Structures are given as C-alpha cells and as structure tokens.
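In my numbering, the protein residues as written are 87 to 279. Here a beta-carbon is modelled for each residue, glycine too, at the ideal position from N, C-alpha and C. Just so you know, these numbers come straight off a predicted model, no measurement behind them.
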C-alpha cells in the first residue's frame, strides 16, 4: 500500500520546500497531498513566497481523516501563521488547522503518525502551548522566542539552532537549506510504520 503524507499549506508557503516535497516523495513511492482551510470553498489556490509557484488545494483540514496518512508536514514560510488565525480572542484557539494539529499530535503520541515541521512552521504548534510544551525541536532563529514561550525545548549547538532534530515521531528542521536531510529523515521514519 502506498504511504501518503498530507502537507498543510497556505498563501506565502516556502517554495524550496514545496518543490523538494513534490520531487522527493513521489520518487520514493510516497503520495503527497496538500490540505488547507478552504473557508467553505471547494478549492483554493495559494501562491508561494517567491511568487514562482501556485498550488490548488481541494482538501479541507476540517474534513481530513488523519488515519489515511503516515505523515503530516507543516510547510515553512508564513503559511502556518496564516492557518492559526484565531476567530475568538480570549478563548482556546479553534482554527481548523490547529484542531487538526491537536488530533495529529494525539496520534503522534500514540505512534500512529509522524509530524514534520521546518523553518517557521512551528508557529502552528505555538497556537496551543499544550502541543509544544516540553518537546525538543529546532526552528528558524527568528521564531525561537515564539517556540520558547510555547514551552518548546530548542536544541542549540554552538550558539545556533541545530539543523535537524528528531524526538519520537516529531521531526523538525531549521530552515529550507536543510530540506534534503529533512525529507530523507521523514521518509525513513514513515517507512517504519
């Protein structure tokens, strides 16, 4: 059976990562699907940070069955910041992508799905401290404060966040420059299921 990975995406996604995902995973027999919050639409088209690619998405995060996937990847760029939009301030964040991530983290903690983040994408985890609290991660330097404030344990070596870190089924990458080692590690992890 072909393994499937769901990649969460929105406007301003990182195109380096997007291009590598589209090339690497299918080449290794892994199906990639893109999901987002569709705001009641049948599909939406999102453009990357560099404005050199677009992705049409017809999978709404509020309707996803995570049991269909071996992995969930949160693409870098500003996409995850857009997906954590809070509809009611002062209450628990109920953005559909955050709700999906809560379900995914529960499955991850039960050894049923791998989750990958890279660069800025831990922002989605930061929408709910319970998702990140005590977890070892790496990320882009400019979101270190967000991650620390959400309770993440940032892996630092020689004064910089490490390039790649794995804790259980959570694989985190520092920036798009490490996307090749990130996808290789993610592939290896989901192939253990």
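Contact between residue 164 and residue 98 holds: their C-beta atoms lie close to 4 Å from each other, under 8 Å. CA-CA distance, residue 95 to residue 149, rounds to 15 Å. Proximity to residue 151 across 113, 119, 246 and 260 peaks at 119, based on C-alpha coordinates.
Judged by DSSP in its simplified three-state form, residue 164 adopts coil rather than helix or strand. With respect to the C-alpha of residue 121, the residue from 141, 135, 105 and 134 having the closest C-alpha is 141.
According to DSSP, residue pairing for residue 122 in a beta bridge involves 146. Judged by DSSP secondary structure, residue 131 falls within the beta strand (DSSP E) whose first and last residues are 130 to 133.
In the DSSP assignment, residue 91 falls outside any alpha helix (DSSP H) and within the unbroken beta strand (DSSP E) covering 89 to 94. Note that the C-beta distance between residue 221 and residue 238 is below 7 Å. The C-beta of residue 231 has fewer than 16 other C-beta atoms within 10 Å across all chains shown, which makes the residue exposed.
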